Amino acid sequence: MPHLNYLKLCDNSSAHIQSSFKAGVVTIMMNKPKKLNGWTTDMMDAFAMAFKNAAKDEQTKAVIFTGAGEYYSAGVNLGGTLKLMAPKKLHRLIVEHNENLFDRFLTFPKPILVAINGPAIGASVTSATLCDAIIAASTSTYSTPFAALGITPEGCSSIQFARLMGEKNAQRMLENEGWRPNADEALAAGLVQWVVPKDQLQAEAQKVAQEWITDGRSRKILGGSKLSELQAVNARESIELANRFLGADFLRGQFSFLWRKKKHLQSIVFLILWGLRPLWKHFL
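Under this note's numbering, think of the first position of the sequence shown as 152, with each following residue one higher.
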């Protein structure tokens, strides 16, 4: 059976995700609850492979993407993804990594429902807005602390947030206020489409996805956005993000943040990049 083959292909990713199949719907669940389902390189590789297999599997008609435990996802683990290398190569790597990450969501060919089971941060929020719809647990919250981190918006949020929530709410989330709406506030603003009790989230998500299959729904990005437009925005944002990531303020801030968290080895990477920046910035 094709869907059994699909699930077998995901076995090598089982340390990071769990996949299940029911009535034409594949549920891809991030499964690192003790790490708040943070997006390490391994986690992103795991769900990228799961998306690829779901796209190819003939019996899969829709996908639910969700998380295990109390958190949906703490977002990209920067300390676990950035490595020391030649500045120009690092800049190119950041651009390619960021663009490819969101392109996986943008180009997924089948309806994809995001079931947000708890707090969602950064890229886990912005990527969700590139799917067909978001169903949220009543315990969920939404944070995109780009301004606080000294970085630029990503995941097409520079246009998608305003398209979904209006310019005022988009600015509240993306700029200095750092507004973190709860589930009901996100529903009222237009960021999510349904809110349900947490213990009913997976059942309600399955119900929605099966209704989509019955209705013959095709892939539709939230807000009526066009794929080509968002891909162009993603490419632009990725360059802007790489420029900011290699800026002195961001490198210094990441070093201080990781050192306070006692992640000393990861913090040293940023310390070295920051300390040597006067030399290598000319080679970007």
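Beta carbons: idealized from backbone N, C-alpha and C, even for Gly. Keep in mind the model is a prediction, meaning the values are calculated, not measured.
Rounded to the nearest whole angstrom, the C-alpha separation of Gly426 and Arg395 is 16 angstroms. Distance from the CA atom of Gln344 to the CA atom of Gly398, rounded to whole angstroms, is 37 angstroms. Unbroken beta strand (DSSP E) stretches of 3 residues or longer found wholly inside the segment 271-342: 284-288, given in chain order. Closest in alpha carbon position to Glu328, among Leu300, Glu209, Cys307 and Lys349, is Leu300. Ranking Asp350, Phe312 and His415 by CA distance to the CA of Ile372 puts Phe312 first. In its chain, beyond the 5 residues on either side, Phe216, Ala279, Cys282 and Ile285 have a beta carbon closer than 6 angstroms to the beta carbon of Val265. The alpha-carbon of Asn204 is positioned some 12 angstroms away from that of Asp196. In the structure shown, Thr217 falls within a strand segment according to DSSP collapsed to helix, strand and coil. Taking 8 angstroms as the cut-off, the Cβ atoms of Leu325 and Pro348 do not count as close. Taking 8 angstroms as the cut-off, the Cβ atoms of Val384 and Ile310 count as close. Going by DSSP, Ile179 is part of no alpha helix (DSSP H) but of the beta strand (DSSP E) stretching over Val176 to Met181.
Assignment of beta-bridge partners to Gln169 by DSSP yields Met180. Boundaries of the alpha helix (DSSP H) around Trp410: Ala399 to Arg411. The beta carbons of Pro238 and Leu392 sit no closer together than 8 angstroms. In the three-state reduction of the DSSP assignment, Ile364 falls in the helix class, which pools H, G and I.
The alpha-carbon separation between Lys261 and Glu380 amounts to approximately 19 angstroms. With respect to the 8 angstroms criterion, Met181 and Ala206 are not classified as neighbours on the basis of their beta carbons. Comparing C-alpha distances from Ala339 to each of Leu244, Ser308 and Leu315 shows the shortest one belongs to Leu315.
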